[in-house]
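If you number the sequence shown the way this note's numbering does, the last residue is 1970 and the count never jumps. Cβ atoms here follow ideal geometry from the backbone N, Cα and C, with glycine treated the same way. To start, the structure under review is shown below, and the notes come after it.
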Amino acid sequence: MLVGTASSWIDHVPCSPGIDGLVCDMDVMVDYVSSDHKPLTVVFNNLVTGTLTTPVNNIDDDRGGSSVLIDWSKADDLSTVNYESVLDGMLCNLNIPITAYNECALDESGHAEIDRYSDSFMSCIKSACIMCLRVRQLHPVQDYTVPGWNDIVSDKHRLAREAFLAWAAVGKPRSGPEHWLMKRTRSQFKLALRYCQQHEDSIHAGSLATKDYRNFWKHIRKTSNDRTTLHANCVGGCTGDSEVAGMWMKHYQQLYNSVSDNDARYSLLQRMTEMSNDGGGVTFSVHDIVAARALQKLGKAVGLDGIAMEAFMYGGSRVRVHLCVLFNLFVKHGYVPVQFMKSVIVPFVKSKTGDLSAVYNYRAIAISTSISKLFENVLSEHVKSCDNFDAYQFGFTSSCSTSLCTGILARYVRDMLAQVASSKIGCNVGGMYADDIVLLAPSWRGLQPLLNIVVEQSSIINMSLNAHKSVCMVFSPSDRSNVMMSCFPEFSASGEKLQYVQSFKYLGHIISSNNIDDVDIQREITKVFIRTNILARKFCKCIAAVKTVLFRSYCICLYDAALWTNFKVGMLNKLHSCYNRCIKIFFWL
1382 MLVGTASSWI DHVPCSPGID GLVCDMDVMV DYVSSDHKPL TVVFNNLVTG
1432 TLTTPVNNID DDRGGSSVLI DWSKADDLST VNYESVLDGM LCNLNIPITA
1482 YNECALDESG HAEIDRYSDS FMSCIKSACI MCLRVRQLHP VQDYTVPGWN
1532 DIVSDKHRLA REAFLAWAAV GKPRSGPEHW LMKRTRSQFK LALRYCQQHE
1582 DSIHAGSLAT KDYRNFWKHI RKTSNDRTTL HANCVGGCTG DSEVAGMWMK
1632 HYQQLYNSVS DNDARYSLLQ RMTEMSNDGG GVTFSVHDIV AARALQKLGK
1682 AVGLDGIAME AFMYGGSRVR VHLCVLFNLF VKHGYVPVQF MKSVIVPFVK
1732 SKTGDLSAVY NYRAIAISTS ISKLFENVLS EHVKSCDNFD AYQFGFTSSC
1782 STSLCTGILA RYVRDMLAQV ASSKIGCNVG GMYADDIVLL APSWRGLQPL
1832 LNIVVEQSSI INMSLNAHKS VCMVFSPSDR SNVMMSCFPE FSASGEKLQY
1882 VQSFKYLGHI ISSNNIDDVD IQREITKVFI RTNILARKFC KCIAAVKTVL
1932 FRSYCICLYD AALWTNFKVG MLNKLHSCYN RCIKIFFWL
């Protein structure tokens, strides 16, 4: 099908003969000067027949999650006020299941009422968010933006558009001052646009220098991770998305259910029963909801339902009332909906330079729904501790860092450490570390009993020694005449053999069996070259001021240089040469 005007342009719109016969009207929408193509509007007659089986406004995909996300970062005061008003109108028509209050707590007939009430409540929130706030696709197609448009192109685009409209107003003549001005301004605009497209990297890199310090590093992190694809084709011996997902499901099922503590479960149920029988049970008020809401953080990742915490923060007073009613129903019946308890477990790589196919190289975080966080916070205020050791738990406890948790682990494994110390075998240098334990012994026969004590004591507290991450190293005497033998039998732990190594990274520092730091210095040299190459590839066109900040931050960071005491002069000279070469590479000297 050929459409166009003979005066200025011509184009082709390919389509099938069947579709061509359905076209009943066509028109040019607007005159657009930034391209040789003009947008068209086409009206079809009876293009779609039959009845749609799926509503067009359905935003949920077949996996139960949301295919779109509400962009709360772009919400202004007007949109939040509009959201509160629309949601308030929806919740006015939401029926509260009064019958569920009258039914017995042990009666399961009220569970269906709770499910319907919870689903309707969450649907109102989701619908109000979509109606009033900006929505972005979960996997959007990135729009192409021209770097330098505002500084170089925008003025020429405005002049070209004004000249084009003036030329069109006089009938689009093929000669004359209007035609000459239109062609000249259009040429200048396309020349500027072509320049920006050809120098995209340099313009983009130069814009970093104009940002403030905080936004500078924020933009650097975004630029560094924008095109990063950390993908493993095989994890845990499984390949393909479905097989890897199934492997992770089985792995976490076994991991989080590996220890069964029926006594603690019975104790918790007994405490909840006593709380229910004491003073008519636990009852939440709207003030409890307000207090729990004030403790939440904004801008966090959303759960499987796609609803952010901002939806409850800016929902208004009627949202708090319905949350209070819903949470009281949960406690009264001892039941929460299945969708309420679902969370997303995301595996994260521990070491990007390690084995990406190994399961132990990943750690997991769980992303729960926002409404479950509110309920947990409200409920935690009413669950009283009955054990003094509960003071040492770190879940939902403010001002508790990982260092404190490591200290508690030292208390947890103190019996094992006491058994090791009381055996009078081995050496004690600088105390003991709970998270990275090193066993030292003057002989092979002394170290194996220490390993046996560790394995035995670990099994008592439901812990195990990972033979794949534990290694052995032999330090030879400085006087060669004292060397008795150079080959020793393999050590064993829990029936598995431990590997001998010549060097090992401990607390970020590579320890060598010859007590020389050359291997660790070489590691730092390699890291400096790697970081310099990364900077040179991504930020080579930045100005000198930006390059200086990046080089100081990423390349001059020798974490354990103070530990270097025994090394060759040639290796230190290599480090000096590395520094000079990296400076020349990055700054184009």
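If distances are taken between C-alpha atoms only, which option among the options comes closest to residue i?
i       : options                            : result
Phe1756 : Leu1676, Lys1919, Ala1456, Ile1584 : Leu1676
Tyr1576 : Val1467, Gly1735, Lys1537          : Lys1537
Cys1936 : Met1952, Val1909, Tyr1716, Ser1460 : Val1909
Ala1689 : Arg1699, Gly1697, Lys1678          : Lys1678
Ala1692 : Tyr1940, Leu1944, Asp1452          : Asp1452
Gly1807 : Thr1946, Trp1825, Ser1840          : Trp1825
Val1836 : Pro1858, Gly1876, Cys1868, Phe1869 : Gly1876
Ile1479 : Asn1463, Cys1473, Tyr1498, Arg1515 : Tyr1498
Phe1502 : Pro1718, Glu1581, Gln1634, Val1462 : Pro1718
His1632 : Gly1617, Val1409, Gln1578, Asp1642 : Gly1617
Ser1859 : Gly1827, Asn1833, Ala1874, Ser1894 : Ser1894
Ala1673 : Gly1627, Val1759, Leu1846, Leu1546 : Val1759
Gly1697 : Ser1839, Val1667, Gln1720          : Val1667
Asn1476 : Ala1626, Gln1635, Arg1699          : Arg1699
Asp1458 : Cys1473, Cys1513, Asp1406          : Cys1513
Arg1701 : Leu1956, Leu1472, Gly1951, Tyr1960 : Leu1472
Trp1945 : Met1563, Gln1903, Lys1733          : Gln1903
Leu1970 : Met1797, Ser1732, Cys1921          : Cys1921
Lys1571 : His1560, Gly1552, Gly1557, Ile1533 : Ile1533
Glu1762 : Glu1624, Val1663, Asp1644, Gln1635 : Val1663
Ser1753 : Lys1733, Ala1745, Glu1581, Ser1724 : Ser1724
Met1844 : Arg1539, Phe1856, Val1625, Asp1796 : Asp1796
Tyr1695 : Val1712, Gln1838, Cys1923, Val1462 : Val1462
Ala1541 : Arg1567, Leu1710, Glu1581, Gly1715 : Arg1567
Take the Cβ of residue i as the centre, count every other Cβ of all protein chains shown within 10 Å, and call the residue buried at 16 or more, exposed below.
i       : result
Cys1615 : exposed
Ile1359 : The question about residue 1359 has no answer here: the residues shown for the chain are numbered 1382 through 1970.
Ser1958 : exposed
Val1864 : exposed
Tyr1741 : exposed
Trp1390 : For Trp1390, the predicted structure reports a pLDDT of 48, less than 50, and the residue's modelled location is therefore unreliable. A value from the coordinates is still provided. By the 10 Å Cβ count, Trp1390 comes out exposed.
Arg1444 : For Arg1444, the predicted model reports a pLDDT of 39, less than 50, meaning its position is unreliable and no value from the coordinates is stated.
Leu1963 : According to the sequence as given, residue 1963 is Cys; it is not Leu. Buried, by the Cβ-count rule.
Cys1505 : buried
Val1640 : exposed
Gly1621 : exposed
Phe1665 : buried
Ile1495 : buried
Trp1328 : With the chain covering 1382 to 1970 only, the question about residue 1328 has no answer from this structure.
Pro1528 : buried
Cys1868 : exposed
Phe1743 : Before going further, note that residue 1743 is Tyr rather than Phe in the sequence given. With 16 or more Cβ atoms within 10 Å of its Cβ, Tyr1743 is classed as buried.
Phe1729 : exposed
Ile1584 : buried
Met1563 : buried
Leu1546 : exposed
Leu1421 : exposed
Phe1425 : exposed
Phe1721 : buried
Lys1965 : exposed
Trp1561 : exposed
Going by DSSP, which residues form a beta bridge with residue i?
i       : result
His1890 : Tyr1887
Gln1880 : Val1852
Val1423 : Met1407
Ile1726 : Ala1747
Leu1475 : Note: Leu1475 sits in no beta bridge, so no partner.
Leu1450 : Arg1517
Val1616 : Cys1619
Ala1874 : Glu1877
**Asked** Below 8 Å, can you find three or more Cβ-Cβ pairs linking the stretch 1846-1859 to the stretch 1791-1809?
**Response** At 8 Å Cβ cutoff, the stretches do not touch.
**Asked** Whole alpha helix (DSSP H) runs in the stretch 1800-1850 with 4 or more residues, listed along the chain?
**Response** The qualifying runs are 1825-1841.
**Prompt:** Any chance the stretch 1682-1694 sits against the stretch 1734-1754, with 3 or more Cβ pairs inside 8 Å?
**Reply:** Yes, since at least three Cβ pairs between the stretch 1682-1694 and the stretch 1734-1754 fall closer than 8 Å, the two stretches touch.
**Message:** If contact is defined by three or more beta carbon pairs under 8 Å, each pair taking one atom from either stretch, is the stretch 1925-1934 in contact with the stretch 1891-1903?
**Reply:** No contact exists between the stretch 1891-1903 and the stretch 1925-1934.
**Message:** Taking contact to mean 3 or more Cβ pairs, one atom from each stretch, closer than 8 Å, check whether the stretch 1459-1476 and the stretch 1498-1512 are in contact.
**Reply:** Flag = yes, the stretch 1459-1476 and the stretch 1498-1512 touch.
**Asked** Counting pairs of Cβ atoms below 8 Å between the stretch 1938-1953 and the stretch 1872-1890, do you hit three or more?
**Response** These segments touch.
**Message:** Quick check on the DSSP output: what are the complete alpha helix (DSSP H) runs of length 4 or more inside the stretch 1514-1567, in order along the chain?
**Reply:** As far as the stretch 1514-1567 is concerned, its whole alpha helix (DSSP H) runs of at least 4 residues are 1535-1550.
**Asked** Along the chain, which unbroken stretches of the alpha helix (DSSP H) at least 4 residues long are found entirely within the stretch 1930-1964?
**Response** You should have found no qualifying run.
**Request:** Could you name each continuous alpha helix (DSSP H) segment of 4 residues or more that falls completely within the stretch 1658-1739, going from the start of the chain to the end?
**Result:** Residue ranges of uninterrupted alpha helix (DSSP H) with 4 or more members, entirely inside the stretch 1658-1739 and ordered along the chain, are 1667-1675, 1691-1694, 1698-1714, 1719-1722.
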